[in-house]
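Take a look at the structure set out below.
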Amino acid sequence: MLATKGIAETITPEELAELPIRRYAGPVHLVTSHRELESAAADLHRETVVGFDTETPPIFRKGQAAHLPTLVQMATGRAVYLFPLRHVPDTALLRATLENPRLIKAGLALAHDLKELRRVFEFQEHGALDLGVVAHRIGLKKTGLRNLAGIFLRYRVPKGPRTSNWGRYPLTPQQILYAATDAWVCRELYLRFDRLGLLAAA
Numbered sequence: 081m082l083a084t085k086g087i088a089e090t091i092t093p094e095e096l097a098e099l100p101i102r103r104y105a106g107p108v109h110l111v112t113s114h115r116e117l118e119s120a121a122a123d124l125h126r127e128t129v130v131g132f133d134t135e136t137p138p139i140f141r142k143g144q145a146a147h148l149p150t151l152v153q154m155a156t157g158r159a160v161y162l163f164p165l166r167h168v169p170d171t172a173l174l175r176a177t178l179e180n181p182r183l184i185k186a187g188l189a190l191a192h193d194l195k196e197l198r199r200v201f202e203f204q205e206h207g208a209l210d211l212g213v214v215a216h217r218i219g220l221k222k223t224g225l226r227n228l229a230g231i232f233l234r235y236r237v238p239k240g241p242r243t244s245n246w247g248r249y250p251l252t253p254q255q256i257l258y259a260a261t262d263a264w265v266c267r268e269l270y271l272r273f274d275r276l277g278l279l280a281a282a
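In this note's numbering, the protein residues as written are 81 to 282.
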């Protein structure tokens, strides 16, 4: 399927290393007040698809219990919104967004992310689309964010502080940029999949 569109099904580490690095360069909003929630809601309601991701503090010691997610990221066509879950005054907007069937939430490993997020607050998701599942169904073996970005977007997403302490607040500038970039790339991948006619495999 991809060969007919001029796209390789794999990318080697060497090929990936040769690609230009891209990071999100648009506005990023940390949502920690009712006013910021209202602003985020107004933007989200304009969309039909957002890039979606979560961050969870890593386990630093053997035998340590798994942590709960502490950050939700959503990317629109105009900005990325970061919701630090311990500092968001109300989860109603997050719940409404996750339950809105007309708003596609495009991400990777969504089944796990949403399962863990339900440990923080209750919701019944609709409109979730796992880009990794789509990629697997069209024949790709490696379906991580950085491999997909290399294959479909032709740029390299830096790994950054993935294993940093996402439970600490305020977030560092590096954490903010990493989190925003991942959500933005998910939206860009969805749009690319759509243009290539690949979403029928969803």
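Don't be surprised by glycine CBs; every beta carbon is placed ideally from N, CA and C.
It should be emphasised that the depicted structure is a prediction, and the values quoted were computed from it without experimental measurement.
Notebook entry, point to check: Would you say Y270 and A186 are within 7 Å of each other, going by their C-beta atoms?
Noted result: yes
Check: What residues match up with P164 in a beta bridge as DSSP calls it?
Finding: L151
Note to self: Rounded to the nearest angstrom, what separates L211 and P238 at their Cα positions?
What the structure shows: Roughly 19 Å separates the two Cα atoms.
Notebook entry, point to check: For E202 versus L194, is the C-beta spacing smaller than 7 Å?
Noted result: no
Next item on the list: Out of V111, R267, A280, A208, state which residue places its alpha-carbon closest to the alpha-carbon of L233.
Entry: R267
Note to self: Would D133 and T156 be called neighbours here (beta carbons separated by less than 7 Å)?
What the structure shows: A distance of 7 Å or more separates the beta carbons of D133 and T156.
Checklist line | Of the listed residues D262, R275, G277, R272, nearest to Y104 (C-alpha basis) | finding: When only C-alpha atoms are compared, the closest one is D262.
Notebook entry, point to check: What is the DSSP secondary structure of H114, reduced to helix, strand or coil?
Noted result: helix
Next item on the list: Give me the Cα-Cα distance between G285 and P149, rounded to the nearest whole angstrom.
Entry: Outside the modelled stretch of the chain, which goes from 81 to 282, sits residue 285, for which no answer is possible.
Note to self: Would A229 and V265 qualify as a contact pair, given that the criterion is a beta-carbon distance under 7 Å?
What the structure shows: yes
Margin query: Taking 8 Å as the cut-off, does the segment 124-131 touch the segment 92-104 (at least 3 CB pairs, one atom from each stretch)?
Written below: no
Item checked: DSSP-derived helix/strand/coil call for T90 -> coil
Check: In chain order, what residues of the same chain lie with their CB nearer than 8 Å to the CB of R272, ignoring the 5 residues before and after it?
Finding: F232, L233
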